[in-house]
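Peer 1:
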Amino acid sequence: MKMMHRLAAMLLVIIMFASINTAQAADDGYAQSYTYNYDYWSDIRESPDAYRVADVIYVGELGLDTAMRRPQSLYIRNNDIYVCDTGNNRILQIRKEDQGYSLVRVIDAVQGCEPATFNTPNDVFVDVDNNLYIADTNNERIIMVDENLNFLKQFTKPTDETFDQSMKFLPYKLVADVSGRVFTLVTNVNKGIAKFESNTHFTGFVGANKAKYNLADYIWKTYFSTKEQREKQESFVPTEYANLYIDEESFIYATNIVFSEYDLLWDVAQPIRRLNGIGNDILIKNDRYPPIGDLYWVEGNEQYGPSKLVDITVLDNDIYVAVDRTRGRIFGYDSQGIMLWAFGTSGNNEGAFNSAISIDHMGKDLYVLDQNEGNITVFTTTEYGQLIYDASAAYLKGDYDGSAEYWEKVVEQNANYNLAFIGIGRSLMRQDKFEEAMEYFEMAHDRENYGRAFRLWRKIWVEENVVWMVIVLAVLLIVPIVRKQIKKRKMEVEMYERNQVAK
Amino acid sequence: MSATKLLNKSAKAAARKEKWRRYLSSLKYAKHTMFHPFDGFWDLTHEKRGSFGAATTYLFLFLLTHVLKLMYTNFQFITAPLQYINVFEQAASLLLPFLILCLANWAATTLFDGKGRFIDIYTAMCYALVPFVIIQLPLVFISNMISFDEAAFYTVLMSVSVVWSVMLAFVGLMQVHDYTPGKTFIFLIFTILGALIIIFLALVFFSLLSDAASFFVSMYRETAFRLN
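This is the structure in structure tokens:
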């Protein structure tokens, strides 16, 4: 009876605790985490939130009468957020204050050039001296103005013959490097990124997407189509990039959204590229899967299809973050191309996107522009997200043990994080704890590191047990010989006895 | 009475012992087929050196090897998604094609003066699996003693086991049917075609069967509904 009472009491306590826990979980606005990562089997593993919404910036709250209309781009320099409010032909400069955000100015005209106003400006770039580069698309120009909006120079349609003169010059994305060279994407031009020297001289294209076609298509088109059909079919042309970002080392990150699902299978699509000076892709891809956003999607879903990474931004330590238009998701990758986290969803509530179009960062905070909602969502790191950044920063600095300490804290929050296991394993290996290191590497399915640790462990094991091994081997060799000898002797004795008897 | 019983018993025991001895010797005969396939496979069926029991044992070992390989090979060499794997499904995924191929081969060769009966084909094919078992079973163990850098050793032995088994299967079929190599090769292709036809027919049969069953079930329901 007493036993029963005790059991009942214990049950009651458990139920109470359980109910308290659920109550707490419900109070948190993030009861259902929307952050995830892919495991070794490319299955989705839910993870703690790496980022959470800190704020949503509406221009109405900043004292503007007209809401943003299809804003296309967002650029952040220091504490200033520049937003291309494309539909309203203006650029907004918003400053982050200690408390909230304030509108610095509305840029809708410049001084010293004709026309002074913009016509659908699609992108803005601000250099270290606060000079603005504006892709003034329908005015067919890129203008550069100083901090006070005084006209400095403009980049117009190249007279070079490599640029098709029958076409309009419609720049829609641009970046500029430290020496003032401008790299721009031009609508309907698929030769790559147009490059202008700082003296506004056009010097050709870099990093063209390769034209893709397969043999069957080629044969069909050349031998089995009539002329009319051929004209209607799309020709084999390379595709245009979607967006550009220039990192601190002046490498250009470009994203590509025009590809078929099957191009992802063998990494033909390469939706994210890091281009060097001559336009070669030098993005490091050391994960099982290249950085392509989502690895799979549910059939029949309205948002079916590969991730379309419309914008990208690069944080410290070459960590890059891309935003996906298809499902409104944000993907973070480290310098080795390993996915750190993915989060986001489509919808109308906070932290979800209707149509995300642009992303940039201020420190570690992420700013995402939604072109349909006309607002900017601000994400800040959680403790978990911060730990991941700290760990990879410590590792890149060469502080491997410090990095492992951060990774251990990450594992406490997320036991499905391979990067953390590898980090801890590496540190253990440096401390000559090979067997433990092997355990961690096995959890992360890291063959190379496991093999390394294993070989060291095996060496020690053999050295420790060599005596026994030699003894066992010797016994195995000697015993049959001895047995043979004994048999031989016995036979000899027998023969001898038989001979005796015969005599 | 009791004496005859006793005699019977001892005779039975002797017979059992003889059976066991024959089973063991037919097991050991695999060594001969492995290293002297032309001679070995001829005698295997024509001289009754092999046995159904031993053949089945090897087939079982083959399936066991496959399963153990998936489960216990070090993750450096094979990464099977163990959380999704069903051992019996894995075994069946090898057993069924094996049996279907034997059947298809018998069906094709029996029309074109192949000498082998089904049981002969089955026995020869099972004996051909022996190198696969003998090499891969220890490899499961060895894989846990070598590192990723030494994978070449592992992969080479893996391929050797497969190539050896395939060669044995070829020679085995040749000897069982008393065919020339060219004819064996042609019938190998026919065997694969036959296997596809068998699979197709089986699928058609089962889908028709389930259609028929559902027809009768719905007819019963309809009648029951009307009668009520």
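Residue numbers (this note's numbering), protein chains in the order written: chain G, 46 to 548; chain A, 56 to 283.
Here a beta-carbon is modelled for each residue, glycine too, at the ideal position from N, C-alpha and C.
Output the distance between the C-alpha atoms of tyrosine 378 of chain G and leucine 212 of chain A, rounded to the nearest integer angstrom.
Peer 2: Working through the first sequence from its first residue, we reach residue 378 of chain G at position 333. Working through the second sequence from its first residue, we reach residue 212 of chain A at position 157. Answer to the nearest angstrom: the Cα atoms are 39 Å apart.
Peer 1: Go ahead and pull the three-state DSSP assignment for glutamine 138 of chain A.
Peer 2: Looking up residue 138 of chain A in the second sequence gives position 83. Coil, per DSSP.
Peer 1: Name, please, each residue of chain G whose Cβ falls closer than 7 Å to the Cβ of serine 202 of chain A.
Peer 2: Mapped onto the second sequence, residue 202 of chain A falls at position 147. Those are Gly496, Phe499 and Arg500, listed as they occur along chain G.
Peer 1: Using only alpha-carbon positions, find the residue among G:Asn123, G:Ser92 and G:Val128 that is nearest to valine 104 of chain G.
Peer 2: Here residue 104 of chain G refers to the residue found at position 59 of the first sequence. Of the listed residues, the one whose Cα sits closest to valine 104 of chain G is G:Val128.
Peer 1: Mind pulling the chain A residues with CB within less than 7 Å of glutamate 493 of chain G?
Peer 2: Along the first sequence, read from residue 1 onward, the residue named residue 493 of chain G stands at position 448. By Cβ distance, chain A contributes Phe203.
Peer 1: What are the boundary residues of the beta strand (DSSP E) that includes lysine 240 of chain G?
Peer 2: As a first step, residue 240 of chain G is located in the first sequence; it is residue number 195 there, counting from the start. Per DSSP, lysine 240 of chain G belongs to the beta strand (DSSP E) from 238-241.
Peer 1: Tryptophan 86 of chain G CB to nearest chain A CB: under 7 Å?
Peer 2: Reading the first sequence from its first residue, position 41 is the one you call residue 86 of chain G. Chain A contact via Cβ: present.
Peer 1: How close, in whole Å, do the beta carbons of aspartate 125 of chain G and arginine 135 of chain G come, if the pair is a contact with beta carbons under 8 Å?
Peer 2: Translated into positions along the first sequence, residue 125 of chain G becomes position 80. Translated into positions along the first sequence, residue 135 of chain G becomes position 90. Not confirmed; about 15 Å, so no contact.
Peer 1: Apply the 10 Å Cβ neighbour rule to asparagine 301 of chain G and answer buried if 16 or more other Cβ atoms are within range, or exposed otherwise.
Peer 2: By one-based count along the first sequence, residue 301 of chain G stands at place 256. Counting Cβ neighbours within 10 Å, asparagine 301 of chain G comes out buried, since at least 16 surround it.
Peer 1: Show which residues of chain G have a CB atom less than 7 Å away from the CB atom of glutamine 131 of chain A.
Peer 2: Residue mapping note: residue 131 of chain A aligns to position 76 of the second sequence, counting from 1. Chain G residues near glutamine 131 of chain A: Arg492, Tyr495 and Gly496.
Peer 1: Against chain G, with Cβ distances strictly below 7 Å, would proline 136 of chain A count as a contact?
Peer 2: In the second sequence, counting from the first residue as 1, residue 136 of chain A sits at position 81. Yes, because at least one Cβ of chain G sits closer than 7 Å to the Cβ of proline 136 of chain A.
Peer 1: Taking the beta strand (DSSP E) that methionine 407 of chain G falls in, what are its first and last residues?
Peer 2: As a first step, residue 407 of chain G must be located in the first sequence, where it is residue number 362. First-last of the beta strand (DSSP E) with methionine 407 of chain G: 401-407.
Peer 1: Would you list the one or two residues that DSSP bridges to threonine 425 of chain G?
Peer 2: Here the question's residue 425 of chain G lines up with position 380 in the first sequence. Beta bridge pairing from DSSP links threonine 425 of chain G with G:Arg97.
Peer 1: Determine the extent of the alpha helix (DSSP H) in which lysine 202 of chain G is found, giving its start and end residues.
Peer 2: The residue you call residue 202 of chain G lines up with position 157 of the first sequence. Here lysine 202 of chain G belongs to no alpha helix (DSSP H), and DSSP marks it neither H nor E.
Peer 1: Compare the Cα-Cα distances from arginine 593 of chain G to each of G:Glu294, G:Ser211 and G:Ser448 and report the closest residue.
Peer 2: Residue 593 of chain G lies beyond the stretch modelled for chain G, which goes from 46 to 548, so this question has no answer here.
Peer 1: Near asparagine 417 of chain G, which residues of its chain fall below 7 Å by C-beta distance, leaving aside the five closest residues on each side in sequence?
Peer 2: As a working note, residue 417 of chain G is residue 372 in the first sequence. Taken in chain order, the residues that qualify are Asn399 and Ser400.
Peer 1: Which chain A residues sit within Cβ distance under 7 Å of glutamate 487 of chain G?
Peer 2: Translated into the one-based positions of the first sequence, residue 487 of chain G becomes position 442. By Cβ distance, chain A contributes Phe130.
Peer 1: From the DSSP output, in three-state form, read off threonine 59 of chain A for me.
Peer 2: Here residue 59 of chain A corresponds to residue number 4 of the second sequence, with the count starting at 1. Three-state DSSP puts threonine 59 of chain A in a helix.
Peer 1: Counting Cβ pairs closer than 8 Å, one from the stretch 338-351 of chain G and one from the stretch 361-376 of chain G, do we hit at least three?
Peer 2: yes
Peer 1: Please look up how many angstroms separate the CB atoms of tryptophan 386 of chain G and asparagine 82 of chain G, rounded, as I've assumed it's under 8 Å.
Peer 2: Position 341 of the first sequence, counting from 1, holds the residue named residue 386 of chain G. Position 37 of the first sequence, counting from 1, holds the residue named residue 82 of chain G. About 6 Å; that satisfies the 8 Å criterion.
Peer 1: With DSSP collapsed to three states, give me the class of glutamine 210 of chain G.
Peer 2: As a working mapping, residue 210 of chain G is identified with position 165 in the first sequence. Three-state result, glutamine 210 of chain G: coil.
Peer 1: Under the three-state reduction of DSSP, which class applies to glutamine 156 of chain G: helix, strand or coil?
Peer 2: Within the first sequence, numbered from 1, the residue matching residue 156 of chain G stands at position 111. Residue state, collapsed to three classes: strand.
Peer 1: Any idea what DSSP makes of aspartate 332 of chain G, helix, strand or coil?
Peer 2: In the first sequence, counting from the first residue as 1, residue 332 of chain G sits at position 287. Residue state, collapsed to three classes: coil.
Peer 1: By DSSP, does arginine 186 of chain G sit in helix, in strand, or in coil?
Peer 2: Residue mapping note: residue 186 of chain G aligns to position 141 of the first sequence, counting from 1. Arginine 186 of chain G falls in the strand class under three-state DSSP.
Peer 1: In angstroms with no decimal places, state the Cα-to-Cα distance between leucine 360 of chain G and lysine 272 of chain G.
Peer 2: Counting from one through the first sequence, the residue named residue 360 of chain G turns up at place 315. Counting from one through the first sequence, the residue named residue 272 of chain G turns up at place 227. Those two C-alpha atoms are separated by around 51 Å.
Peer 1: Lysine 170 of chain A by DSSP, collapsed to three states: which one?
Peer 2: Position 115 of the second sequence, counted from the start, is the residue given in the question as residue 170 of chain A. Reduced to three states, the DSSP call for lysine 170 of chain A is coil.
Peer 1: Taking arginine 333 of chain G as the reference, give the member of G:Tyr85, G:Lys529 and G:Pro160 with the closest Cα.
Peer 2: Residue numbering aside, residue 333 of chain G sits at position 288 when the first sequence is read from its first letter. Checked all of G:Tyr85, G:Lys529 and G:Pro160; the closest Cα to arginine 333 of chain G is G:Tyr85.
Peer 1: Candidates A:Phe240, A:Lys74 and A:Pro92: which alpha carbon is nearest valine 185 of chain A's?
Peer 2: Numbered from 1 along the second sequence, position 130 holds the residue referred to as residue 185 of chain A. Closest option to valine 185 of chain A, Cα to Cα, is A:Pro92.
Peer 1: Going by C-alpha to C-alpha distance, which of G:Arg97, G:Ile179, G:Gln144 and G:Gly157 sits closest to leucine 137 of chain G?
Peer 2: Residue numbering aside, residue 137 of chain G sits at position 92 when the first sequence is read from its first letter. The shortest C-alpha separation from leucine 137 of chain G is found at G:Ile179.
Peer 1: Pick helix, strand or coil for serine 391 of chain G, following the three-state DSSP scheme.
Peer 2: Numbered from its first residue, the first sequence carries residue 391 of chain G at position 346. Serine 391 of chain G falls in the strand class under three-state DSSP.
Peer 1: Rounded to the nearest angstrom, what separates leucine 154 of chain A and lysine 72 of chain A at their Cα positions?
Peer 2: Looking up residue 154 of chain A in the second sequence gives position 99. Looking up residue 72 of chain A in the second sequence gives position 17. Computed Cα separation, rounded: 31 Å.
Peer 1: By the DSSP assignment, the beta strand (DSSP E) with glycine 249 of chain G in it spans what residues?
Peer 2: By 1-based counting over the first sequence, the position of residue 249 of chain G is 204. Counting along the chain, glycine 249 of chain G sits inside the beta strand (DSSP E) bounded by residues 247-251.
Peer 1: When you compare each of G:Ser118, G:Asn459, G:Val169 and G:Val223 to serine 295 of chain G by their alpha carbons, which one comes out closest?
Peer 2: Translated into the one-based positions of the first sequence, residue 295 of chain G becomes position 250. It is G:Val223.
Peer 1: Using DSSP's beta-bridge definition, name the partner residues of leucine 122 of chain G.
Peer 2: Start at 1 with the first residue of the first sequence, and residue 122 of chain G comes out as number 77. Per the sequence presented here, residue 122 of chain G reads as arginine, with leucine not at that position. Note: arginine 122 of chain G sits in a beta bridge opposite G:Asp125.
Peer 1: In chain order, what residues of the same chain lie with their CB nearer than 8 Å to the CB of aspartate 110 of chain G, ignoring the 5 residues before and after it?
Peer 2: Here residue 110 of chain G refers to the residue found at position 65 of the first sequence. Hits under 8 Å: none found.
Peer 1: Which value, in whole angstroms, describes the spacing of the CA atoms of leucine 464 of chain G and arginine 319 of chain G?
Peer 2: As a first step, residue 464 of chain G is located in the first sequence; it is residue number 419 there, counting from the start. As a first step, residue 319 of chain G is located in the first sequence; it is residue number 274 there, counting from the start. Whole-angstrom Cα-Cα distance: 22 Å.
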